[in-house]
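Engineer: Below is the structure I would like to discuss, written out as structure tokens.
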Amino acid sequence: MSLWEYANPKKFLATSERVLPAFWALSGLCLVVGLVWGFFFTPDDFRQGSTVKIIYLHVPSALMAINAWLMMLVASLIWLVRRHHVSALAARAAAPVGVAMTLIALVTGAIWGQPMWGTWWAWDPRLTSFLILFLFYLGYIALWAAIDNPDTAADLTSVLCLVGSVFALLSRYAVNFWNQGLHQGASLSLDKEKNVADVFYQPLLVCIAGFVLLFVALVLYRTGTEIRARRMRALIARERAGAA
Amino acid sequence: MIALLLRDLRLALRAGGGFGLGLAFFLIVTVMVPFSVGPQSALLSSIAPGVLWLGALLACLLSLDRLLALDWEDGSLDLLATAPLPLEGVVSVKALAHWITTGLPLVLAAPVLGVLLNLPAQGFLWIVVSLALGTPALSVIGTFGAALTVGLKRGGLLLSLLVMPLYVPTLIFGAEVARRGAQGMDAITPMLMLAGISAGAIALLPFASAAVLRVNLR
Amino acid sequence: MDLTVRDLAVARGGVPVLEGICFDLSPGQAVVLRGPNGAGKTTLLRTLAGLQPPLAGTIRGAEDRVAYAAHADGLKPTLSVVENLRFWARVFGHRDIAPALTAYALSDLAERPAGALSAGQKRRLGLARMLVTGRTIWAMDEPTVSLDRDATAQFADAVRGHLAGGGMAVMATHIDLGLDAQVLDVAGYKARIPAWDDTDEAFL
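So the sequences go chain by chain: A, B and C. Oh and the first sequence: position 198 is 223 in my numbering, straight run, nothing missing. Oh and the second sequence: position 156 is 174 in my numbering, straight run, nothing missing. Oh and the third sequence: position 108 is 254 in my numbering, straight run, nothing missing.
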């Protein structure tokens with residue numbers, strides 16, 4: 026029994042349908058527990074007040090925004106090497122989830138930044154990198170949408186994902202360099218892990234687990250939808266071939 | 019391959035090949051900037067390197083959708099793919115032809131337009147150096163984008179959407195070289211990064227471009 | 147070396163159109179493909195030319211030996227007839243273009259830009275391109291479209307000359323060129339619709 030058995034669409038659908046309810050329930054549980062704990066049962070930060078609590082949405086979504094892209098990269102590589110259709114469709118299914126996570130991270134960041142830094146937006150390296158990531162997601166999704174033939178689309182988007190990953194990484198370093206060049210030292214760095222105390226840390230971990238589970242559930246669900254859409258295409262093509 | 023290069027250059031020079039188009043666009047963008055930000059020479063001279071870089075980038079972008087689409091439409095790409103040239107070579111030559119007809123004129127025109135924007139005297143050398151190092155990367159990355167969108171009916175807008183994020187590192191380092199140079203600061207570090215990006219893109223991207231072109235021809 | 151095609155299956159846009167195609171071609175022989183529109187003749191020719199991978203089966207002896215002529219002639223309207231032809235000659239390695247010009251009676255049009263040619267003249271130029279490639283196997287898709295009677299005869303002569311010189315030709319055409327060629331009706335090789343059971347892996 027190998028992992029690749031799940032590359033069979035039928036097998037994938039059967040298994041994912043069995044495990045999906047568990048993922049929905051677990052992610053819901055984690056999110057409710059983590060968010061309630063974080064919002065109502067943690068003390069206010071002595072400097073930031075209650076605004077710090079947006080961390081429970083901001084950090085997990087930012088984490089998943091990057092992880093979703095990594096997952097797409099792995100799925101694209103699997104498609105290019107092993108030609109499993111499910112893999113290509115999973116990459117396609119993850120992209121809108123990833124773009125939503127990026128948006129949540131950007132918006133919650135802006136809402137947090139307003140009272141803290143007195144500005145909705147600053148061209149800080151991290152913020153800028155996320156904006157660029159957002160653009161990469163948009164291009165990827167647009168390319169999928171633009172191409173009619175699903176195999177061609179899978180090939181092209183996979184290569185784009187590969188090349189895009191390299192350039193996204195380059196952009197990350199370029200942005201770091203560029204901003205230091207602009208205003209030395211005056212960084213708005215958000216390196217929270219170092220200064221976050223345990224009281225904040227534990228509910229944060231629960232929230233992160235909730236977001237990871239939610240992401241997995243959404244991607245499994247959406248991949249199932251993509252597989253069904255693909256099969257419908259195949260059925261229509263069959264009918265047309267039968268009629269001709 | 020030389021035959022292909024010569025053909026592309028000849029096509030660009032002949033009627034409506036778009037040889038001067040990128041250059042004219044560069045000129046018009048630069049001229050529009052003072053109208054939008056005001057004529058204060060101090061302001062203009064501080065933003066001049068960035069404006070010149072952005073103008074050059076947009077002029078490059080504008081000419082990309084014709085890069086492979088014309089050969090696709092008249093069937094030349096199919097025939098080139100069955101010819102004894104490696105497709106990697108074909109896309110490299112296409113990128114080179116694009117650079118010679120678009121990138122090189124931009125490099126040469128930049129100092130002239132720099133005068134319009136009050137570019138500080140020490141900045142002229144650096145704007146030329148940074149564009150000379152950076153525009154080849156713009157052409158090669160653009161060829162990749164053109165190869166991705168070659169089969170699509172209205173690929174122009176999508177092409178911009180795909181290529182722009184890929185241009186970010188080149189733009190950042192290129193404009194940084196020009197800005198630091200204009201301010202009399204040390205510009206060697208970003209220049210090396212820019213050269214590295216160009217060299218890496220020229221060495222590796224033709225393989226990706228050829229791969230997606232093969233998929234599109236299928 | 148012969149061209150050997152065995153159990154070839156081809157797909158268009160991810161949908162299988164033809165399967166089980168077998169034929170052999172020795173130097174001096176030609177195959178004419180027939181079949182209704184949309185049957186898959188173009189797809190088969192593109193597969194032979196190496197532009198797309200076969201779905202199944204093998205093609206032996208085609209690698210780097212096929213010159214392909216599609217519906218589009220790949221001409222640049224701003225280049226003259228000679229420039230267009232010379233470009234392709236150089237791409238395929240410096241051959242004399244004069245015989246190609248005379249074979250299709252293009253010498254009088256030599257300096258005319260390709261954009262100013264009529265449809266039939268463009269086609270003649272596109273076919274003349276085959277002569278400068280020096281490739282053994284000609285794969286041609288409806289080569290006689292928009293050719294008049296004289297030009298069709300020129301084309302038949304060119305193919306005959308090519309075959310006499312040890313060349314091979316695979317062409318999709320409905321016109322009888324008076325060539326001694328095998329006929330392959332692709333309608334008989336229509337891909338069957340696969341049974342429902344093997345639909346899992348490839349969705350089809």
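We put the CB at the ideal spot given by N, CA and C, even for glycine. Every value quoted in this text rests on a predicted model; they were computed, and no experiment measured them.
Using 8 Å as the threshold, is the C-beta distance between A/A113 and A/A179 below it?
Structural biologist: yes
Engineer: Rounded to whole angstroms, what is the Cα-Cα separation between B/V47 and B/W144?
Structural biologist: Distance between the alpha carbons of B/V47 and B/W144: 20 Å.
Engineer: Distance check for C/A213 and B/G152, CA to CA, integer angstroms please.
Structural biologist: 39 Å
Engineer: Per the DSSP calculation, C/Q328 is bridged to which residue(s)?
Structural biologist: C/V177
Engineer: Kindly confirm or deny that the stretch 178 to 185 of chain C and the stretch 194 to 209 of chain C touch, where touching means at least three C-beta pairs closer than 8 Å.
Structural biologist: The stretch 178 to 185 of chain C vs the stretch 194 to 209 of chain C: no contact.
Engineer: Could you name each continuous beta strand (DSSP E) segment of 3 residues or more that falls completely within the stretch 198 to 267 of chain C, going from the start of the chain to the end?
Structural biologist: 202 to 206, 212 to 215
Engineer: Does the stretch 64 to 83 of chain B touch the stretch 251 to 271 of chain C, meaning 3 or more C-beta pairs lie closer than 8 Å?
Structural biologist: The answer is no - the stretch 64 to 83 of chain B does not touch the stretch 251 to 271 of chain C, with fewer than three Cβ pairs under 8 Å.
Engineer: Run down chain C in chain order and give the residues with a C-beta less than 8 Å from the C-beta of B/G38.
Structural biologist: Within 8 Å Cβ-Cβ: nothing; B/G38 doesn't reach chain C, min ~15 Å.
Engineer: Could you tell me the alpha carbon to alpha carbon distance between B/F53 and B/P224, rounded to whole angstroms?
Structural biologist: Looking at the two C-alpha atoms, the distance is approximately 40 Å.
Engineer: Compare the C-beta of C/G159 with all C-beta atoms of chain F and state if any pair is closer than 8 Å.
Structural biologist: Protein chains A, B and C are contained in the structure displayed, whereas chain F is not.
Engineer: So C/A318 is in the beta strand (DSSP E); what residue range does that whole segment cover?
Structural biologist: For C/A318, the enclosing beta strand (DSSP E) covers residues 314 to 318.
Engineer: May I ask you to list, following chain order, the residues of the stretch 239 to 256 of chain C that have a beta carbon less than 8 Å from some beta carbon of chain B?
Structural biologist: G239
Engineer: Of all the CB atoms in chain B, is at least one closer than 8 Å to the CB of A/F155?
Structural biologist: Against chain B, the CB of A/F155 has no partner CB under 8 Å away; the residue lies outside that interface.
Engineer: Under 9 Å Cβ-Cβ, which residues of chain C neighbour A/T262?
Structural biologist: Per the sequence shown, residue 262 of chain A should be read as Ala rather than Thr. Correct list: G159, G160, V161, L350.
Engineer: Given that a residue counts as buried once 16 or more other Cβ atoms are within 10 Å of its Cβ, and exposed if not, what is B/G169?
Structural biologist: buried
Engineer: Using a C-beta to C-beta distance shorter than 8 Å, which residues of chain B count as neighbours of A/D149?
Structural biologist: The contacting residues do not exist; A/D149 stays about 14 Å from chain B at best.
Engineer: At a CB-CB cut-off below 7 Å, which residues of chain A make contact with B/V47?
Structural biologist: Going along chain A, no residue has its Cβ under 7 Å from B/V47, so there is no contact; the nearest lies around 21 Å.
Engineer: Give me the chain B residues within the contact set of A/A199, using Cβ-Cβ distance strictly less than 7 Å, ordered along the chain.
Structural biologist: Within chain B, the residues V186, P187, I190, F191 have their CB atoms less than 7 Å from the CB of A/A199, given in chain order.
Engineer: Could you list the residues in the stretch 125 to 151 of chain A with a C-beta less than 7 Å from some C-beta on chain B, going in chain order?
Structural biologist: none
Engineer: Count the C-beta pairs between the stretch 249 to 262 of chain C and the stretch 289 to 309 of chain C that are closer than 8 Å, then say yes if the count reaches three, no if not.
Structural biologist: These segments touch.
Engineer: Taking the alpha carbon of A/R256 as the reference point, which residue from A/L60, A/V124, A/P175, A/A199 has its own alpha carbon closest?
Structural biologist: A/P175
Engineer: The alpha helix (DSSP H) spanning B/W90 covers which residue range?
Structural biologist: 83 to 91 is the span of the alpha helix (DSSP H), which, as asked, contains B/W90.
Engineer: Helix, strand or coil for B/I118? Go by DSSP, reduced to three states.
Structural biologist: The three-state secondary structure of B/I118, taken from DSSP, is helix.
Engineer: Using a beta-carbon distance below 8 Å, is A/S190 in contact with chain B?
Structural biologist: no
Engineer: Given 8 Å as the limit, is there contact between the stretch 234 to 248 of chain A and the stretch 52 to 63 of chain A, that is, 3 or more CB pairs closer than that?
Structural biologist: yes
Engineer: Near C/V329, which residues of its chain fall below 7 Å by C-beta distance, leaving aside the five closest residues on each side in sequence?
Structural biologist: Excluding residues up to 5 positions away in sequence, V178, R180 lie with their Cβ nearer than 7 Å to the Cβ of C/V329 in the same chain.
Engineer: From which residue to which residue does the alpha helix (DSSP H) around B/L31 run?
Structural biologist: 20 to 31
Engineer: For the alpha helix (DSSP H) containing B/T100, list its first residue and its last residue.
Structural biologist: 94 to 100
Engineer: The beta strand (DSSP E) spanning C/I283 covers which residue range?
Structural biologist: Where C/I283 is concerned, the enclosing beta strand (DSSP E) stretches over 283 to 287.
Engineer: Check C/R152 in the structure and name its three-state DSSP category.
Structural biologist: strand
Engineer: Heavy atom of the ligand ATP less than 7 Å from the Cβ of B/A200, yes or no?
Structural biologist: Although the ligand ATP was asked about, the structure shown includes no ligands whatsoever.
Engineer: For A/N174, which residues in chain C fall below 8 Å Cβ to Cβ?
Structural biologist: G159, G160
Engineer: Run the CB neighbour count on B/W71, radius 10 Å, all protein chains shown included, and call it buried at 16 or more, exposed below.
Structural biologist: buried
Engineer: Using a C-beta cutoff of 8 Å, does A/S196 count as contacting chain B?
Structural biologist: yes
Engineer: What whole-angstrom Cβ distance do C/D153 and C/G203 have, given they're in contact under 8 Å?
Structural biologist: 4 Å
Engineer: For chain B, is any of its Cβ atoms less than 8 Å away from the one on A/F161?
Structural biologist: At a cut-off of 8 Å between beta carbons, A/F161 contacts chain B.
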